[in-house]
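Structure below.
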């Protein structure tokens, strides 16, 4: 089953008196464990697509499905709960909470929901701490636990963001231009880290990026231009079904 | 986590914290000091009145404008009316729950004339010295003599009045001397001779009238004020006498003669200077006569003339229950269809009691104004703060924080700031009051002297003032954060992150 499905999705914005179509009748699907790159130049609609998948924006028409759940009919509380439990976010500007240190920033999503719907409330405290410590070590920040974001480099902050995105064990992590504010060497390390997490945890990663290195290592590439998909292909041993079958030819080339 | 974020944000954004916290602390300081001083004045004034002359409960007959009436008399056209059927119900009144003593009182103003013909004015209270002594004698300083005993017409002179008379005649006024009191009322001129039993001063001048307030025996004051006094006469009647009484009319009874044949002439006569029919309580006087007419021969008949008082001053066993007792007594009065009004010391104090209430009202009005302005300033500061943190709030919402979480976070921050600042304000206000109370707050003029009950006020921190200040400013801070909170919650996570 597809963990992400966009079905004829269109998104329009009003810009003064003009209606701008950021996405125009876009459809694609992603499976569990995919490492997807939504690529294209600025204004192509890749961030819009990511925001729709992340349920922090709603389509003008069409349907978005996350883990088989159609998000269009959900209330704001339900959508927020879905984001909390099923999705992780990595932002271009890191978006860490300035007054919390590394450990507290990573732990933060686990403490957001005090209702009966919070599945993380059932975690044993020791189990929770072990998981957080594991993530801190995985992202290489064991010696920076008590530092606040303003005491970290860009790359270190993005590592914290990656760990925070993974702490709730989401099925999908959405990364919006995660390397845009990093130097090339750091950017490469971050990409490698996320790929490693994808491989180890089986978490689906969806990137909005114009970084060719991300496109290169992605299993599934969706190329956008002016709000429409101009190309979509699988590589690195992945297929449209999510299997490690022989890679399908890029769609544009097949046509 | 929310408290942790709140505390750290308060430390991180110091300028906002100091502005908002400083305003709240200042507001609380002013409220604590202002209300504590007012409470000290109010408590002091209440004690001055309740312990010196008004008692805890003040019963009076209704007048058209109760604002004109106090224990010092009335400025209104009604004058001070008598409490109807007071003697009939005085015993029951004294037996009511929480009532310790009932002191019948009259009030008047008259001209005093010495043996040497010198005159001076004085206010006077007509009192029963036995009850009054038990209730209110402590606040008096006796310079000579004391209250009278026995039934002889007597007066205890206020030292202010005595000094004025002494100055007029060129020699001191002495205990044992006699004075003539002349009272001019609606019923003409009344004159009585009284003997000076003592010279005194009130320890605290809680009202300007006290400097000229003397004390007169109740019977003499009733005569001067054209109020009846109580006499009980048992008459053994023969059948013929009963028959004769039945034929007696009011005119024939109240012509030239009196019932008592006492040395007090014309008490119930129709002489030009005495009681007019309207004030003689005719129906009550006529009643005993009618009873006598129907009595069997030889049966004793009571001829009872009512004790009249204008006020009943009550001391309570437990003054803290004054409000409840007041309500209960008024219900008892209404059930007995009496013309009495049951008030408290503020009614007795008249203008002074209203003054304290009025000042407190103005102070509270200023406080509300200050709180409103402070709330606006705090609100603007919080709007800026929230706007600066929109991206952070948007991120929280994006990664799964419900609106309730954000609301709780901002309110927690505001409450911590408000309560901490209020505590600082309370401490500063308390220290300031303590410093003031070392030397006292000097009274700038006579009116303030009356309010202070002396030359200086020594205020103390009032618990109610502290609680009111803290709760008002905290509420103000919470109200102030509602608008910026609305801004934070209205912005979508997407827009918030986009800044």
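Protein chains in written order, with my numbering: chain A, 305 to 559; chain B, 72 to 570.
Heads up, the beta-carbon is just placed ideally off N, CA and C, and yes, glycines get one too.
Keep in mind that this is a model prediction, so the values were computed, not measured.
Query, Result
"CB contact check: residue 471/B to chain A, cutoff 9 Å", "yes"
"Which listed residue (517/A, 513/A, 539/A and 459/A) has its alpha carbon closest to that of residue 352/A", "513/A"
"Per DSSP, cross-strand counterpart(s) of residue 269/B", "216/B and 227/B"
"Member of 313/A, 318/A, 371/A and 359/A whose CA lies at the smallest distance from the CA of residue 305/A", "371/A"
"Whole-angstrom distance between residue 483/B and residue 323/A, CA atom to CA atom", "41 Å"
"N- and C-terminal bounds of the beta strand (DSSP E) containing residue 509/A", "508 to 513"
"Span separating the alpha-carbon of residue 343/A from that of residue 442/A", "27 Å"
"Delimiting residues of the alpha helix (DSSP H) encompassing residue 432/A", "429 to 442"
"Cα-Cα separation, residue 549/B to residue 411/A", "29 Å"
"Pairwise C-alpha distance: residue 296/B and residue 376/B", "In this prediction, residue 376/B has a pLDDT of 43, which is less than 50 and means its spatial position is unreliable; what the coordinates show is noted afterwards. Cα-Cα distance, rounded: 16 Å."
"Start-end ranges of the alpha helix (DSSP H) lying completely within the segment 460 to 488 of chain B, minimum 4 residues", "461 to 469"
"Reduced DSSP secondary structure (H/G/I, E/B, other) of residue 424/B", "helix"
"Per DSSP, cross-strand counterpart(s) of residue 412/B", "131/B"
"Cutoff 9 Å: residue 453/B Cβ touching any chain A Cβ", "no"
"Where residue 524/A falls: helix, strand or coil (DSSP)", "strand"
"Between the CA atoms of residue 522/A and residue 333/A - distance to the nearest angstrom", "15 Å"
"First and last residue of the uninterrupted beta strand (DSSP E) at residue 329/A", "322 to 335"
"Neighbour-count burial assignment, residue 236/B, 16 or more Cβ in a 10 Å radius", "buried"
"Expected contact under 8 Å - CB spacing of residue 126/B and residue 229/B to nearest Å", "Wrong, their Cβ atoms sit about 20 Å apart, outside the cutoff."
"Contacts that residue 117/B makes with chain A (C-beta to C-beta distance below 8 Å)", "Under the 8 Å cutoff, chain A gives no residues; its nearest Cβ is about 50 Å from residue 117/B."
"Whole-angstrom C-beta distance between residue 460/A and residue 494/A, which should lie under 8 Å", "With a Cβ gap of about 10 Å, residue 494/A and residue 460/A do not count as contacting."
"Beta-carbon contacts of residue 484/A that lie in its chain and below 6 Å, excluding the five residues immediately before and after", "396"
"3 or more residues per run - each beta strand (DSSP E) lying fully within the segment 107 to 191 of chain B", "128 to 131 and 170 to 184"
"Simplified DSSP state of residue 315/A, which is helix, strand or coil", "strand"
"Cα-Cα separation, residue 78/B to residue 559/B", "19 Å"
"Cross-chain neighbours of residue 565/B in chain A, by beta carbon under 8 Å", "355, 360 and 361"
"Interface flag, residue 435/B vs chain A, CB-CB below 9 Å", "no"
"Beta-carbon proximity list for residue 414/A, same chain, < 7 Å, skipping 5 on both sides", "424, 432, 471 and 472"
"Same chain, Cβ closer than 6 Å to residue 96/B, neighbours up to 5 away in sequence not counted", "492, 495 and 496"
"Span of the alpha helix (DSSP H), counted from its first residue to its last, around residue 563/A", "With chain A represented from 305 up to 559, any question about residue 563/A goes unanswered, as that position is not in the structure."
"Expected contact under 8 Å - CB spacing of residue 478/A and residue 464/A to nearest Å", "Not a contact, Cβ separation roughly 17 Å."
"is_contact[residue 76/B, chain A] using C-beta, thresh 9 Å", "yes"
"Chain-ordered chain B contacts of residue 417/A [CB-CB under 9 Å]", "471, 472, 473 and 476"
"Nearest to residue 287/B (by Cα), restricted to the options 109/B, 274/B and 267/B", "267/B"
"Exposure label - residue 377/A; buried when at least 16 CB within 10 Å", "exposed"
"Within 9 Å, strictly: CB atoms of residue 474/A and residue 390/A", "yes"
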